[in-house]
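Residue numbers (the numbering used here): 24 to 482.
See structure below.
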Ligand code: TRP
């Protein structure tokens, strides 16, 4: 397979979503499992996931789960940045608490933005729009990487579970990469796992909604978390789940391994009694333990059961002195095309619409946008337009037209040649204006009370 690497700091990404999903092992979205889908799902805008089952199960059972997302404050917020927030809102409507990391350390490390400037950009450009987009202030906490020591401490501590070669392989770091940049992904690992600390909500599933450009961080986090876990859970062909102890320097004593490597039977037996009790409480009667080997089979347990088994084992692990983290879930959105037909990028203002662009600028950008219309009116009337290449249509689909029926009608009429390219652009500009003016109004509404979204350590 062709060598693809994702560089999270460069917007020039592959958008061959099939290839990315295959290469990095992303799973597709099973629409049957999505309750109350939003247009993100019905339109395939969210196209892939890792372990999304875990949070969907929490939502279904009304048990706690959290969203962790983040923003790097380096420029103006544009349309592309709204998609994670739409995702976060959807999870929030299903019961999730939402934490938002302001990646001011990352912005300092990778873009040279000072912490003061980063704070200003974060509040004026991002948090104000997040509020306007309708996140629930009672269930949203925005914090800064630079003022949350737990995040940094975790980043530092978990750094022991990776090394330069791995970071080089994932991110392409080389000898001249500045060390703050090398640390940035570890801080992000800290961001992603810290909501599971007791003081930030405790052990519960965490989902990270992102664009695929952020998947390297998800992979790194999941890999590191799996290395810290004291228990492995494996699905066995037709024989339920196999739980095995993962011996590590930190847990040898607890797990009854003495200094000479011998197993202390009593200590080991005590551990197994504890686990068995937990599993019985979960309703499993048939539990086959092999304390000496450090394994336990639960024949009746299914893949679905593995989720709550993991959460029970995480709690035990933490009681016994481990971190007790669960691997984060993630869901991935597609990128809308740039106005000029290529990629959207904040460093090229002509490729995107900023949320504080004036209406004149917005209209003019849309009227100049890449079109899927035919060269002449006659041709267009006869053959119809190409929706996949039409920015105006794509923006209606991604951002401005929330009604599926209405969007379907517009699509049909464009493809049949009834709507001309210019008319499509006008339609898009009208809706964009409506959407952006509504947003502006709500931004103003929140302007004096943004602190409602800020965590205590962010004020
Ligand atoms: N790296 C992200 C970006 O460039 C920002 C970020 C920091 C983040 N921490 C995060 C995103 C945790 C998701 C989850 O935008």
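Note that the Cβ used here is the ideal one computed from N, Cα and C, for glycine as well.
Asked	Found
According to DSSP, what are the bridge partners of residue 319?	266 and 312
Between the Cα of residue 168 and those of 190, 187 and 142, spot the shortest distance and give me the residue it belongs to.	142
Does DSSP put residue 94 in a helix, a strand or coil?	strand
Using alpha carbons as the reference points, say which of 273, 335, 401 and 264 lies closest to residue 310.	264
Would you grab the beta carbon distance between residue 386 and residue 424 for me? Rounded to a whole angstrom, and I think it's under 8 Å.	Between residue 424 and residue 386 the Cβ distance is about 17 Å, and since that is not below 8 Å, they are no contact.
In angstroms, rounded to a whole number, what distance separates the CA positions of residue 229 and residue 125?	17 Å
Can we count residue 246 as close to the ligand TRP, meaning its CB is less than 7 Å from some heavy atom?	no
Spatial neighbours of residue 327 within its chain, please: CB distance less than 8 Å, with the 5 preceding and 5 following residues excluded, ordered by chain position.	76 and 80
Report the partner residues of residue 38 according to the DSSP bridge assignment.	In the DSSP output, where bridge partners are listed per residue, residue 38 has none listed.
Mind checking whether the beta-carbon of residue 233 lies closer than 7 Å to any heavy atom of the ligand TRP?	yes
Pick out whichever of 394, 369 and 345 has its Cα sitting closest to the Cα of residue 417.	394
Determine the direct distance from the alpha carbon of residue 340 to that of residue 34, and round the result to whole angstroms.	39 Å
Going by Cα to Cα distance, which pick from 262, 352, 337 and 306 is closest to residue 320?	262
Is there at least one non-hydrogen atom of the ligand TRP closer than 7 Å to the beta-carbon of residue 214?	yes
Alpha carbon to alpha carbon, how far is residue 166 from residue 218? Give it in angstroms, no decimals.	12 Å
Contact defined as beta carbons within less than 8 Å: I believe residue 100 pairs with residue 152. What is the distance between those atoms, to the nearest angstrom?	5 Å
In angstroms, rounded to a whole number, what distance separates the CA positions of residue 345 and residue 184?	14 Å
To which residues does DSSP link residue 163 through a beta bridge?	121
Rounded to the nearest angstrom, what separates residue 161 and residue 291 at their Cα positions?	45 Å
In the DSSP assignment, find the unbroken alpha helix (DSSP H) run with residue 7 in it and report its ends.	The structure shown does not extend to residue 7, since the chain is modelled only from 24 through 482, so no value can be given for it.
Beta carbon of residue 396, beta carbon of residue 329: below 8 Å?	no
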